[in-house]
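Engineer:
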Amino acid sequence: MALFLPALVVLIVTTSAPLVYLAWTSLERIDLSMPWLSGFAGAGNYLQMGADPRFWHSLWLTLIYTVSTVVLQVLLGLGLALLVLRIPKGQGILRVAAILPIVLAPVVVGLFWRTLVLAPDVGLVDVVTRALGLPSYNWLGDPKLALLSVIAIHTWQWTPFAFLVMLASLSSLPPDVFEAARIDRASAWQRFRYITLPLIRPAIVIVVIMRTMIALSAFAAIFAATGGGPGTATEILNLYAYRTSFSELNLGYGAALAMVLLAITLAVSFVMFRARRAR
Amino acid sequence: MANAGRVSMRGIVKRHGSFTALHGIDLDIAPGEFFALLGPSGSGKTTTLRILAGLEPLDAGQVMLDGVDVTAREPGERDVAMVFQSYALYPHMTVYENIAFPLRMVGTAKGETDRAVKDAAAKVHIDHLLARRPGELSGGQQQRCALARAIVRKPRLFLLDEPLSNLDAKLRLETRVELRKLQRALGVTAVYVTHDQEEAMTIADRVAVFMDGRIVQVGRPQDIFARPATSVVAAFIGSPPMNLLPADLRDGELRVAGVPLPAPRMAGRDGPITLGVRPAALRIAERGLPARVYLVENLGDTTIVDLDVAGQVIKLRTEQAPNVREGDHVHVAFAPEAMHVFDPATGQRREG
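Just so you know, the sequences run in chain order A and B.
Position 197, counted from 1, in the first sequence is what my numbering calls 1095; the numbers after and before it change by one each time, with no gaps.
Position 350, counted from 1, in the second sequence is what my numbering calls 361; the numbers after and before it change by one each time, with no gaps.
1) Determine the extent of the beta strand (DSSP E) in which residue 1051/A is found, giving its start and end residues.
2) Check the Cβ of residue 1077/A against every Cβ in chain B and list those closer than 9 Å, keeping chain order.
3) Looking at the structure shown, is residue 1075/A part of a helix, part of a strand, or coil, going by DSSP?
4) Kindly list, in the order they appear in chain A, the residues whose Cβ is closer than 7 Å to that of residue 117/B.
5) Return the CA-CA distance between residue 302/B and residue 208/B, expressed in angstroms with no decimal places.
6) Return the first residue and the last residue of the alpha helix (DSSP H) that residue 956/A is part of.
7) Taking the alpha-carbon positions, what's the residue 985/A to residue 1068/A distance?
8) To the nearest angstrom, how far is the alpha carbon of residue 90/B from that of residue 168/B?
9) What's the C-alpha gap between residue 177/B and residue 196/B?
10) Using the Cα positions of residue 318/B and residue 327/B, report the straight-line distance between them to the nearest angstrom.
11) Would you kindly check if the distance between the Cβ of residue 960/A and the Cβ of residue 1135/A is under 8 Å?
12) In terms of alpha-carbon separation, which member of 296/B, 332/B, 325/B and 321/B lies closest to residue 311/B?
13) Starting from the N-terminal side, write out each stretch of the beta strand (DSSP E) that is 3 residues or longer and does not extend beyond the region 117 to 195 of chain B.
14) Say whether the region 18 to 30 of chain B touches the region 1161 to 1173 of chain A, bearing in mind that this needs 3 or more beta-carbon pairs closer than 8 Å, one atom from each stretch.
15) Considering only DSSP beta bridges, list what residue 203/B is partnered with.
16) Please classify residue 345/B: does DSSP put it in a helix, a strand, or coil?
17) Taking the alpha-carbon positions, what's the residue 56/B to residue 356/B distance?
18) Taking beta-carbon pairs under 7 Å, can you tell me which members of the region 1083 to 1117 of chain A lie near chain B?
19) Beta carbon of residue 67/B, beta carbon of residue 134/B: below 8 Å?
20) Looking at the unbroken beta strand (DSSP E) that takes in residue 301/B, where does it start and where does it end?
21) Specify, as a first and last residue, the run of the beta strand (DSSP E) that residue 325/B falls within.
22) Check each candidate in 1043/A, 924/A and 948/A and name the one with the smallest Cα separation from residue 937/A.
23) Would the region 37 to 56 of chain B count as touching the region 122 to 129 of chain B if we require 3 or more Cβ pairs under 8 Å?
24) Tell me the DSSP secondary structure of residue 13/B in three-state form.
25) Is there at least one non-hydrogen atom of the ligand SAH closer than 7 Å to the beta-carbon of residue 976/A?
26) Looking only at its own chain, which residues have a Cβ that is under 8 Å from the Cβ of residue 63/B, when we skip the five neighbours before and after it?
27) Please list the partners that residue 112/B has in chain A, where partner means a Cβ-to-Cβ separation under 7 Å.
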């Protein structure tokens, strides 16, 4: 008891206490621009969301952002891993190279893409497209393209993670099982479909779970690249909660939005972990 | 039968970098034959089997199955089945799915697959385990599952890579007999890799003995046992294997460790020879080679006596318990007909 008490206290103070405070705040009306209206609101903040189109819009963006980045990461990661697995030498260098985007701070990644890759006229993408005679796009400034851009940024940074997990999983597969499948008349596609995929399924599932949890609460890279804009074009739920609390200073409603995001993340993770255990 | 399972390998060469694993192997296996590839580790027997299966590319030579050149064909196109030393079962599939896999891959109808799977499982007595996964089976059951997966397609050629080496001794003996019966019943050609000479001798119709990437002798087990082609084969076959002693042949007289012995009827130049005698052909006698008893191993029905003859240990095997103790000085003798003579330089057998 005496041994783990300090750890318990630290944990409660740093994690549980802020959460409880957030939950409590979400039940209050605290709008710093209209402080005279402050007071207990009960479920008022939550009821307000039902009629808030910006909330539904951000929820929809969160869904698109999460599903597309996770699917892209798994497909690209698996594809890359299968390709790299065929390279007899130099896999080590590729593994190290793959770690680089992961170890960068998401804010740095967002800024790097905004200033060096996607910026109009001087950005890498624009230089290339113009050199090819294609029209120039404002990747982060155009509301239609901004969401694509932030999805691309997230996918760029985190596909290496999926790639590394898949590569490790693929290289640990027993070679004799694949030889048996060759003798058993399985074509290359059949071997992939009936042997490789089922055997690396645990790795795929864990990548999906981990990446979904992170994508749902993504913040820094989008914040640095677009700040949620233009307008609300890339305003996923996390950014909406941030903007509500700290730009519009409506702390009560922002806390309620954050609570909803927390609940969604927990529910999705719970369902996924249950599904993982089911088979 | 159209696909009889006649194997013919010509001039097979396999290199791993600068190391040559196979130096031009020639091999002919008749339809329905149970053929063993026997040799110590690294002698090239497994490589030969894998080349036959199509799993290993070769550097030179030709593989023919029933008169058709299959050297460039994929393993799946050769109509051969294989049992791996590790069994190589599909760990995520049930026993049923494992056995059905080779049929499923070529789109066999469900009903036909079902019948074939149950039939194959019954043949190897695992029909009660069909719903299990490989991880829930014992080693022997996994081995049977691998066998069932191989026989379910009724291939023309059955390749077995040390299939019994992961079983315990008792199960190995039982499975050996069953394997032989199964092969007979199916009438399929079987090529069987083993490093266990006893296994090869008891199970196979014919044996090819591999040494350092070459086949040194091919023949029926009893012929290889009776007339080993080289001293290396002689020292590999038999349990315990043949005793080899340096000897001298001069003017038709044989001398071992300076002791004259009745010379066998054999042609041969005068000079040094390697004399081979099976342990069972040795007996303790009044006269003969002086020896000191080094160790007595009582195996119950037989006894093996290790003897020190002029500084070299030879083994004697006898069914009667010999009246000797460790440290005793005795004489050993053997009939001239029991002698094998090998050239000490080349190791080749000299014929009488």
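The beta-carbon is built from N, C-alpha and C at its ideal position, and this holds for glycine as well.
Structural biologist: By the coordinates alone:
1) On the first sequence, position 153 is the one that residue 1051/A refers to. From DSSP, residue 1051/A is part of no beta strand (DSSP E) but of the alpha helix (DSSP H) over 1041 to 1069.
2) For the purposes of this step, residue 1077/A is taken as residue 179 along the first sequence, with counting starting at 1. Near residue 1077/A (Cβ distances below 9 Å), the residues of chain B are 61, 64, 66, 86, 93, 95 and 99.
3) Taking the first sequence and counting its residues from 1, the one referred to as residue 1075/A is at position 177. Three-state DSSP puts residue 1075/A in a helix.
4) Within the second sequence, the letter at position 106 stands for residue 117/B. 1083, listed in chain order.
5) Mapped onto the second sequence, residue 302/B falls at position 291. Mapped onto the second sequence, residue 208/B falls at position 197. Residue 302/B and residue 208/B have their C-alpha atoms spaced approximately 29 Å apart.
6) Sequence index remark: in the first sequence, residue 956/A carries index 58 (1-based). Taken as a continuous stretch (DSSP letters only), the alpha helix (DSSP H) holding residue 956/A covers 951 to 983.
7) Here residue 985/A refers to the residue found at position 87 when the first sequence is read from its first residue. Here residue 1068/A refers to the residue found at position 170 when the first sequence is read from its first residue. Spanning the two alpha carbons is a distance of roughly 13 Å.
8) Sequence index remark: in the second sequence, residue 90/B carries index 79 (1-based). Sequence index remark: in the second sequence, residue 168/B carries index 157 (1-based). For residue 90/B and residue 168/B, the distance between alpha carbons rounds to 7 Å.
9) Numbered from 1 along the second sequence, position 166 holds the residue referred to as residue 177/B. Numbered from 1 along the second sequence, position 185 holds the residue referred to as residue 196/B. Between residue 177/B and residue 196/B, the C-alpha separation is close to 25 Å.
10) On the second sequence, residue 318/B is found 307 positions in, with the first residue counted as 1. On the second sequence, residue 327/B is found 316 positions in, with the first residue counted as 1. Approximately 7 Å between the Cα atoms of the pair.
11) Stepping through the first sequence from its first residue, residue 1135/A is reached at position 237. Stepping through the first sequence from its first residue, residue 960/A is reached at position 62. Result yes, Cβ atoms of residue 1135/A and residue 960/A sit closer than 8 Å.
12) Here residue 311/B corresponds to residue number 300 of the second sequence, with the count starting at 1. It is 332/B.
13) 168 to 172
14) no
15) Locating residue 203/B in the second sequence gives position 192, where the first residue counts as 1. Within the DSSP secondary-structure output, residue 203/B pairs in a beta bridge with 47/B and 171/B.
16) Locating residue 345/B in the second sequence gives position 334, counting from the first residue. Residue 345/B: coil per DSSP, three-state reduction.
17) Stepping through the second sequence from its first residue, residue 56/B is reached at position 45. Stepping through the second sequence from its first residue, residue 356/B is reached at position 345. Across the structure, residue 56/B and residue 356/B are spaced so that their CA atoms are roughly 25 Å apart.
18) 1083, 1084, 1088, 1093, 1096 and 1097
19) Walking along the second sequence from the start, residue 67/B turns up at place 56. Walking along the second sequence from the start, residue 134/B turns up at place 123. Cβ distance not < 8 Å, so residue 67/B and residue 134/B don't count as in contact.
20) One-based indexing of the second sequence puts residue 301/B at position 290. Counted as a single uninterrupted DSSP element, the beta strand (DSSP E) harbouring residue 301/B occupies residues 300 to 309.
21) Within the second sequence, residue 325/B is the residue found at index 314, counting from 1. Looking at the DSSP string, the run of the beta strand (DSSP E) that includes residue 325/B is 323 to 329.
22) If you number the first sequence from 1, residue 937/A lands on position 39. Nearest option by C-alpha distance: 924/A.
23) no
24) Within the second sequence, numbered from 1, the residue matching residue 13/B stands at position 2. Note that residue 13/B scores a pLDDT of 45, beneath 50, so its modelled location is shaky; the value from the coordinates is reported in the next line. Looking at residue 13/B - three-state DSSP - the assignment turns out to be coil, as it is neither helix nor strand.
25) This structure simply doesn't include the ligand SAH, nor any ligand for that matter.
26) One-based indexing of the second sequence puts residue 63/B at position 52. Excluding positions up to five away in sequence, the list reads 18, 20, 74, 91, 168, 170 and 202.
27) Indexing the second sequence from 1 puts residue 112/B at position 101. Here the neighbours are 1082.
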